[in-house]
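Participant: Per our numbering, the very first residue in the sequence shown carries number 387; after that it's consecutive.
Here a beta-carbon is modelled for each residue, glycine too, at the ideal position from N, C-alpha and C.
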Amino acid sequence: MRPRRAPAPAARGGRPAARTHTPSARTRRTRAVAWVAATVAGTLLATGCSPAPGQQDGVQPTDTSPTVTLDTAVGRGDADLPDPDDPVYDEALSTPRTDPVYPVVGNPVVDALHYDLQLAWDPDARLLTGHETLVLRAARTAPRLVLDLSDSLDVTAVALDGEALDPTAVTHARDDVTIKAGVVRNERYVLELDYEGTPEPVAAPTTRSDFSTTGWTTGTDGSTWTMQEPYGAFTWYAVDDQPADKAFYDITVSVPEGWTAVANGRVVGDDTTDGVRTTHWQLGSPAASYLVTLATGEYETTALVQGDTPVTTYVPQGSSRAVAVAAAPDALNWVTGWLGAYPYDSLGVLVVDSDSGMETQTMLTLGDTEYATSQAVLVHEIVHQWYGDLVTPTDWRGLWMNEGMAMYLQVVWQVEHGSSVTMRQVAATWAAQDQALRRRYGPPGAPDPESFGASNVYYSPALMWHRLRERIGDARFRALVRAWPQQHADGNATSAQMIAWWSRRSGVPASFFRSWLYSETSPARG
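1) Do A478 and P672 count as a contact pair if the criterion is CB distance below 8 Å?
2) Taking the alpha carbon of V721 as the point to measure from, which residue in V737, T751, S742, V763 has its own alpha carbon closest?
3) Might you give, ordered along the chain, the residues of its own chain that have their beta carbon closer than 6 Å to the beta carbon of G753, omitting 5 neighbours on each side?
4) Name the DSSP beta bridge partners of T515, please?
5) By Cβ distance, which residues of its chain are closer than 6 Å to Q614, with the 5 residues on each side in sequence left out?
6) Do Q692 and N719 have their CB atoms nearer than 8 Å?
7) Along the chain, where does the alpha helix (DSSP H) that runs through V763 open and close?
8) What does DSSP give as the partner residues of K566 in its beta bridges?
9) Quick one: using the 10 Å Cβ neighbour count with 16 as the cut-off for buried, is K566 buried or exposed?
10) Please name the residue in S760, V769, S705, Q761 whose C-alpha comes closest to that of T746.
11) Leaving out five residues on either side along the sequence, give the residues of the same chain with a beta carbon under 8 Å from the beta carbon of F597.
12) In this structure, how does DSSP classify L776 when only helix, strand and coil are distinguished?
13) Check each candidate in T519, R560, D534, L533 and name the one with the smallest Cα separation from E549.
14) What separation, rounded to the nearest whole angstrom, lies between the Cα atoms of A896 and P830?
15) DSSP on Y794, reduced to helix/strand/coil?
16) Looking at C-alpha atoms only, which residue of R911, D781, L725, E586 is the closest neighbour of M791?
17) Consult DSSP for E745 and reduce its assignment to one of helix, strand or coil.
18) Please work out which residues of its chain come closer than 8 Å, Cβ to Cβ, to D781, disregarding the five sequence neighbours upstream and downstream, and give them in chain order.
19) Enumerate in chain order the residues of its own chain whose CB-to-CB distance from G715 is below 7 Å, with the five nearest sequence positions on each side excluded.
20) Opposite L733 in the DSSP bridges: which residues?
21) Quick one: which unbroken beta strand (DSSP E) runs of 3-plus residues sit fully inside the stretch 591-633? Chain order, please.
22) Would you mind listing the beta strand (DSSP E) stretches within the stretch 671-715 that are 3+ residues and don't spill past its ends, in chain order?
23) With 16 as the cutoff for other CB atoms within 10 Å, does V648 come out buried or exposed?
24) Among D552, P835, L539, T564, which residue has its Cα nearest to the Cα of E586?
25) From T808 to T665, what distance separates their C-alpha atoms?
26) In the structure shown, what three-state DSSP assignment does V662 receive?
27) Classify T659 as buried or exposed, calling it buried when 16 or more other Cβ atoms lie within 10 Å of its own Cβ.
28) If you scan the stretch 820-888 from start to end, which runs of the alpha helix (DSSP H) of 4 or more residues do you find wholly inside it?
29) For D626 versus G774, is the C-beta distance shorter than 8 Å?
30) Is the beta carbon of A710 sitting closer than 8 Å to the one on T759?
31) Just confirm the distance between the C-beta atoms of V588 and G618, as a whole number of angstroms; I'd bet it's less than 8 Å.
32) Measure the Cβ-Cβ separation of S480 and N878 and say whether it is below 8 Å.
33) Got a sec, what are the start and stop residues for the beta strand (DSSP E) A559 sits in?
34) From what residue to what residue does the alpha helix (DSSP H) around A647 run?
35) In or out: P779 buried (at least 16 other Cβ within 10 Å) or exposed?
36) Name the DSSP bridge partner or partners of P642?
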């Protein structure tokens with residue numbers, strides 16, 4: 387996530403084959419599950435002409451609007467399902483757990499391996515229809531499976547391994563879908579769900595001013611976007627919504643002709659038929675749910691390149707941010723000088739109607755503001771492709787692992803590119819405010835759960851990295867900054883693991899890192 391504007395003086399990421407079928411707590415309420423016969427294909431009626439920008443809710447489709455059909459039948463038998471034992475899914479094996487900071491989301495039983503999401507969005511009716519196929523491993527033997535899914539969506543059918551489940555075997559309440567089917571540790575399963583409804587964002591557990599909700603957001607013109615850190619993916623699909631569970635993604639979205647659907651990875655299919663545009667995105671690297679993005683609307687698309695990496699920008703029609711985000715190749719070039727070869731096969735920049743920004747994997751999601759689309763923030767979010775995306779914290783106590791390094795390298799870039807202050811002055815500012823941040827928000831390694839993404843997880847660990855650099859020298863520091871993500875690629879790590887690794891390789895006692903991360907008082911310099 388991008389930092390809030392810094393105070394002075396610091397002016398201020400082999401894959402499975404795709405299927406080929408044609409206010410700080412989450413909102414809590416109970417909703418009846420509406421069932422349809424699992425052998426009947428549902429359809430979505432949607433308008434094919436998008437509302438004009440700024441158009442308000444309540445616009446009715448015309449009589450000539452095309453029909454978008456979404457095949458939502460579940461329980462079709464094994465012949466139409468992916469093979470969950472295919473070793474290609476092994477790269478997404480994870481160790482899910484109960485998150486100690488936000489235990490209400492996620493399920494330690496579910497190890498999601500691949501989400502295949504087929505979605506249709508009707509911007510006039512504000513209706514999302516989805517067919518989800520989830521390949522999963524049971525991380526534990528259990529009498530049931532539980533996934534996070536918002537009560538604003540109605541589950542209409544569920545199947546397990548090709549067999550439609552009786553409605554009595556499934557409940558949907560308190561933003562959870564519970565499937566009463568026993569699973570055996572390390573066995574793999576294929577779960578299908580059909581659902582529909584009007585997605586709603588949920589309150590974010592934060593005191594920040596640049597975002598107050600997470601998840602799916604719908605604009606007045608029917609366009610949509612998502613940001614979902616520390617949770618919120620469950621507002622638009624059934625998910626194990628925790629950072630410890632990484633999975634592959636195929637996301638196929640149908641929208642009116644003239645609109646664009648943007649998600650993670652690369653486009654592997656794009657077709658417009660009868661006034662409906664359907665785009666298939668494929669993410670070939672395992673990602674945590676908070677790093678997934680989806681937006682729909684009228685976008686200007688620009689293809690750029692940095693070395694061998696295609697860089698594509700998506701800017702809403704009428705926005706003035708195209709020139710700013712065109713600096714993404716230069717930002718990527720600078721970051722690779724620090725961190726080595728870019729770990730993914732593409733980079734995108736998606737601009738949405740937000741004040742914040744996110745390091746969503748391979749497709750940065752940035753607010754439509756001058757600061758959120760600045761080159762400094764581009765650098766920050768691109769650093770996250772290594773620190774946060776390639777290596778992801780096991781739980782939310784490790785947010786500092788992402789933000790500290792991204793903040794530090796952002797400021798290094800700013801100092802190198804015309805900032806009026808020196809690195810010494812920036813470090814002095816961070817040191818002067820460190821105690822106040824710890825007092826208000828907690829130590830960076832044990833942050834206040836109600837103040838997610840506060841300045842303590844940015845500036846305090848950034849200062850720690852600067853002090854370490856002073857202590858071990860520039861060459862050694864740069865080598866270790868590059869080696870950490872390379873040696874832990876596509877996995878998760880705890881704070882303890884990162885501390886131990888850095889201590890061994892730097893020769894600096896672990897107490898140095900623990901003092902910076904867990905002390906309630908500012909560490910002494912040295």
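Facilitator: Short version:
1) yes
2) V763
3) S740, D741, S742, G743
4) A506, E582
5) T600, G601, Y676
6) yes
7) 761-769
8) Partner(s): none; K566 has no beta bridge.
9) exposed
10) V769
11) A590, M613, S740, D741, S742
12) coil
13) T519
14) 16 Å
15) helix
16) L725
17) coil
18) R483, D485, P486, V487, Q628, P629, A630, T880
19) The identity of residue 715 in the sequence shown is Pro, whereas the question assumes Gly. Around P715: L690, V691, Q692, V697.
20) V697
21) 599-604, 610-613
22) 680-683, 685-692, 695-702
23) buried
24) L539
25) 46 Å
26) strand
27) exposed
28) 842-858, 860-873
29) no
30) yes
31) 6 Å
32) yes
33) 556-559
34) Here A647 belongs to no alpha helix (DSSP H); instead the beta strand (DSSP E) covers 646-649.
35) buried
36) V662
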